[in-house]
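Numbering (this note's numbering), first residue to last: 52 to 305. One structure is given here, and the rest of the page talks about it.
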Ligand code: 8X3
């Protein structure tokens, strides 16, 4: 039996990297996309050495459709048989009230989280259709479900991922292509460091007094989904740490 292949955007850190490691451990082939060529190369070297798995890397910023198109145009035939596309690349920038936020921040969030995911999906569909199979696993967020102060644009961007995924599931119905949206709550990665632009103290305060989710927890969820029988499609999953009920209620220990 030929090896299975997972394509991961935002593959060099956080949930993307942990998913890459887990699937490599299970003998899958990896296609890793990131805007950072040097990070891609170091992850490729590390995972190849550790897991001896075939890896194909693609350098592109998902928000740059020309870069994405170029990266896809160069995918060799032997790498075009893809089983899962994990649309993971995404970010939050800032947590100020919308009226006080920076235009460049909210444009970047919309460009990466919404338009980037949509462009990547559009480029992936011909490969899935050609092989009459495929599975989009899209990273939403609890922010898509419960809006919070200072999150207007980030929450809107993840709500767009949620709605887009639902539409995609409908439109891809004739082609046996699965679509699942995963909505994680507080996952401790570099997400908050990026959001607060390197302010480590602010970033750490998000997870203070609780055990958060980790990237590897969400990787396990992706692995679970990958192993569902062919006739089963999990539409939507909301995942929080034990100490988080939703985006407004936390059980923080002093
Ligand atoms: C990350 C979850 O609550 O920080 O998507 O928006 S939250």
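Using N, Cα and C, we set each Cβ at its ideal position, and we do this for glycine too.
Assign residue 153 to one of two classes, buried (16 or more other C-beta atoms within 10 Å of its C-beta) or exposed (fewer than that).
By one-based count along the chain shown, residue 153 stands at place 102. Exposed.
Taking the alpha helix (DSSP H) that residue 298 falls in, what are its first and last residues?
Taking the chain shown and counting its residues from 1, the one referred to as residue 298 is at position 247. Neither: residue 298 is in no alpha helix (DSSP H) and is coded neither H nor E.
Would you call the segment 58-66 in contact with the segment 137-152, where contact means no fewer than 3 C-beta pairs closer than 8 Å?
The answer is yes - the segment 137-152 touches the segment 58-66, with three or more Cβ pairs under 8 Å.
Ligand 1 and residue 235: does the residue's C-beta get closer than 8 Å to at least one heavy atom of that ligand?
On the chain shown, position 184 is the one that residue 235 refers to. Yes - ligand 1 has a heavy atom lying nearer than 8 Å to the Cβ of residue 235.
Going by CA-CA distance only, name the one from 56, 264, 219 and 260 that's closest to residue 238.
Position 187 of the chain shown, counted from the start, is the residue given in the question as residue 238. Residue 264 is the option with its Cα nearest to residue 238.
Answer yes or no: the CB of residue 192 versus the heavy atoms of ligand 1, is any distance below 8 Å?
Residue mapping note: residue 192 aligns to position 141 of the chain shown, counting from 1. Result yes, Cβ under 8 Å from ligand 1.
Specify the secondary structure class of residue 206 as computed by DSSP and reduced to three states.
Sequence index remark: in the chain shown, residue 206 carries index 155 (1-based). DSSP places residue 206 in helix when its eight states are reduced to three.
Buried or exposed: which applies to residue 156, given that a residue is buried once 16 or more other Cβ atoms fall within 10 Å of its Cβ?
What you label residue 156 is simply residue 105 of the chain shown in a count that begins at 1. Looking at its Cβ environment, which holds 16 or more other Cβ atoms inside 10 Å, residue 156 is buried.
What do you reckon, is the C-beta of residue 67 under 8 Å from a heavy atom of ligand 1?
Counting from 1 along the chain shown, the entry for residue 67 is found at position 16. Flag unset: Cβ of residue 67 not near ligand 1.
Given 8 Å as the limit, tell me if residue 238 has its C-beta closer than that to any heavy atom belonging to ligand 1.
Locating residue 238 in the chain shown gives position 187, where the first residue counts as 1. Within the cutoff, so yes.
Distance check for residue 101 and residue 200, CA to CA, integer angstroms please.
Residue 200 sits at position 149 when you count from the first residue of the chain shown. Residue 101 sits at position 50 when you count from the first residue of the chain shown. Each residue's Cα considered, the two are about 43 Å apart.
Does DSSP put residue 103 in a helix, in a strand, or in coil?
Against the chain shown, residue 103 aligns to sequence position 52. Looking at residue 103 - three-state DSSP - the assignment turns out to be coil, as it is neither helix nor strand.
Taking DSSP as the reference, what is the three-state secondary structure of residue 279?
The residue labelled residue 279 in the question sits at position 228 within the chain shown. Of the three classes helix, strand and coil, the one that applies to residue 279 here is coil, per DSSP.
If we count Cβ pairs, one from each stretch, closer than 8 Å, do we get three or more for the segment 83-90 versus the segment 109-120?
Yes, they touch.
Starting from residue 85, trace the beta strand (DSSP E) in both directions and tell me its first and last residue.
Position 34 of the chain shown holds residue 85. Taken as a continuous stretch (DSSP letters only), the beta strand (DSSP E) holding residue 85 covers 80-85.
Please identify the residue among 210, 123, 282 and 190 whose C-alpha is closest to the C-alpha of residue 109.
On the chain shown, residue 109 is found 58 positions in, with the first residue counted as 1. With distances taken between Cα atoms, residue 109 lies closest to 123.
Checking 9 Å against the spacing of the C-beta atoms, do residue 144 and residue 212 come in under that value?
For the purposes of this step, residue 144 is taken as residue 93 along the chain shown, with counting starting at 1. For the purposes of this step, residue 212 is taken as residue 161 along the chain shown, with counting starting at 1. No; because the gap between Cβ atoms is not below 9 Å, this pair is not in contact.
Could you tell me the alpha carbon to alpha carbon distance between residue 214 and residue 207, rounded to whole angstroms?
In the chain shown, the residue the question calls residue 214 occupies position 163. In the chain shown, the residue the question calls residue 207 occupies position 156. Roughly 10 Å between the two C-alpha positions.
Over the uninterrupted alpha helix (DSSP H) stretch that includes residue 174, give me the two end residues.
By one-based count along the chain shown, residue 174 stands at place 123. 168-181 is the span of the alpha helix (DSSP H), which, as asked, contains residue 174.
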